[in-house]
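**Student:**
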Amino acid sequence: MPSVASKGPLAGILFEMRTWVRCMLPYTPYVAPFYPTPDAVISRVLDLTATGPGDVLYDLGCGDGRVLLAAARRGARCVGYELDPQLAADAEAAASAAGLAARVRVVRADAAAADVREATVIALYLSDHGNSRLLRAVQSSLRPGTRVASFYFPVALPGWSEALLKADRTDGLAVYVYKAP
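So in my numbering, the last one in the sequence shown is 275, and the numbering has no gaps at all.
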């Protein structure tokens with residue numbers, strides 16, 4: 095099955111519209127529409143969190159897997175959670191095509207149910223609501239000191255503003271890095 099990104103601009107726009115609609119439905123587990131994270135932002139996230147060999151990166155809402163692949167190329171083990179079946183399939187296919195399937199695992203499930211206790215780095219590109227909902231949900235398994243990077247949206251939970259290590263706004267694209275309280 096062709097990936098979302100390879101289907102062309104019209105198909106991409108229709109897919110994006112579908113992801114917006116399902117986020118607006120009441121009682122939906124979807125907390126953000128799909129927008130691919132720009133490559134420059136991915137590099138900054140991984141640089142700012144010093145992700146490399148020995149790290150276990152969790153991407154909560156991994157989309158098509160581009161953050162997972164970049165982290166795996168740096169030697170990290172990676173786990174991505176994705177609700178959308180097409181995006182989860184795209185992420186798995188991309189890992190396989192890149193020869194990184196041994197370092198990347200994609201779980202097609204709600205990231206709110208993730209056990210993140212082995213994570214040393216967590217990547218987020220969701221929404222204000224999505225960040226808060228997921229971090230609150232995984233808090234019981236989140237180890238203090240885990241590096242958490244959020245693209246575009248800061249984490250708005252009690253105690254997290256004090257845990258902010260860096261807010262990088264290069265090119266007007268904000269990346270927030272925290273040390274989990």
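Yeah, the Cβ is synthetic: ideal placement off N, Cα and C, and Gly gets one too.
Quick caveat: nothing in here was measured; it's all calculated off a predicted structure.
In the DSSP assignment, find the beta strand (DSSP E) that holds D262 and state where it starts and stops.
**Tutor:** It spans 258-262 - the beta strand (DSSP E) in which D262 sits, taken as one unbroken run.
**Student:** Which one or two residues does DSSP pair with A217 in a beta bridge?
**Tutor:** According to DSSP, which records beta bridges pairwise, A217 is partnered with D153, A243.
**Student:** Below 8 Å, how does it come out for the region 148-158 and the region 196-214: are there three or more Cβ pairs, yes or no?
**Tutor:** Judged by Cβ distances under 8 Å, the region 148-158 makes contact with the region 196-214, as three or more pairs qualify.
**Student:** Hey, would you say L194 sits closer than 8 Å to F128, going by beta carbons?
**Tutor:** Result no, Cβ atoms of L194 and F128 do not sit closer than 8 Å.
**Student:** Under the rule that 16 or more other beta-carbon atoms within 10 Å means buried, what is R46, buried or exposed?
**Tutor:** Residue 46 is absent from the model: the chain starts at 95 and stops at 275.
**Student:** So, under 8 Å CB-CB, S244 and N225 are touching, yes? Tell me the CB distance rounded to an integer number of Å.
**Tutor:** S244 to N225, Cβ: 6 Å. Contact.
**Student:** Out of A165, V210, D262, S221, point me to the one whose CA is closest to S234's CA.
**Tutor:** The candidate whose alpha carbon is nearest that of S234 is V210.
**Student:** Assign M95 to buried or exposed, taking buried as 16 or more other Cβ atoms, counted over all protein chains shown, within 10 Å of its Cβ.
**Tutor:** In this predicted model, M95 has a pLDDT of only 45, less than 50, meaning its place in the structure is not dependable; the value taken from the coordinates is given anyway. Counting Cβ neighbours within 10 Å, M95 comes out exposed, since fewer than 16 surround it.
**Student:** Who are the near neighbours of V201 in its chain, counting only those whose CB is closer than 6 Å to its CB and skipping five residues on each side?
**Tutor:** Contacts found: Y175.
**Student:** Measuring alpha carbon to alpha carbon, tell me which residue in D184, L218, A189, V232 is nearest A206.
**Tutor:** Among D184, L218, A189, V232, the Cα nearest to that of A206 is on V232.
**Student:** Alpha helix (DSSP H) containing R237: first to last residue?
**Tutor:** Segment: none, R237 is in no alpha helix (DSSP H) and carries neither H nor E.
**Student:** Skipping 5 residues on each side, what residues in its chain have a beta carbon closer than 7 Å to that of A192?
**Tutor:** Answer for A192: L163, listed in chain order.
**Student:** Within a Cβ cutoff of 7 Å, which residues of the same chain sit near V269, ignoring the five residues on either side of it in sequence?
**Tutor:** Excluding residues within five positions, the ones whose Cβ falls inside 7 Å are V135, R138, V139, L142, A243, F245, D262.
**Student:** Going by DSSP, what residue range makes up the beta strand (DSSP E) through R171?
**Tutor:** Taken as a continuous stretch (DSSP letters only), the beta strand (DSSP E) holding R171 covers 171-175.
**Student:** With a CB to CB cut of under 7 Å and the five nearest residues on each side skipped, what residues in its chain are close to L251?
**Tutor:** If we look at L251 and ignore the five residues flanking it on each side, its Cβ neighbours are S226, L229, R230.
**Student:** Below 8 Å on the Cβ atoms is my guess for R197 versus V173; work out the distance and round it to an integer in Å.
**Tutor:** So it is not a contact: roughly 10 Å between Cβ atoms.
**Student:** Using a Cβ-Cβ cut-off of 8 Å (strictly less than) and excluding sequence neighbours within five positions of V125, which residues of its own chain qualify?
**Tutor:** Closer than 8 Å at Cβ, skipping near neighbours: C117, G155, L220, S221, H223, G224, R227, L228.
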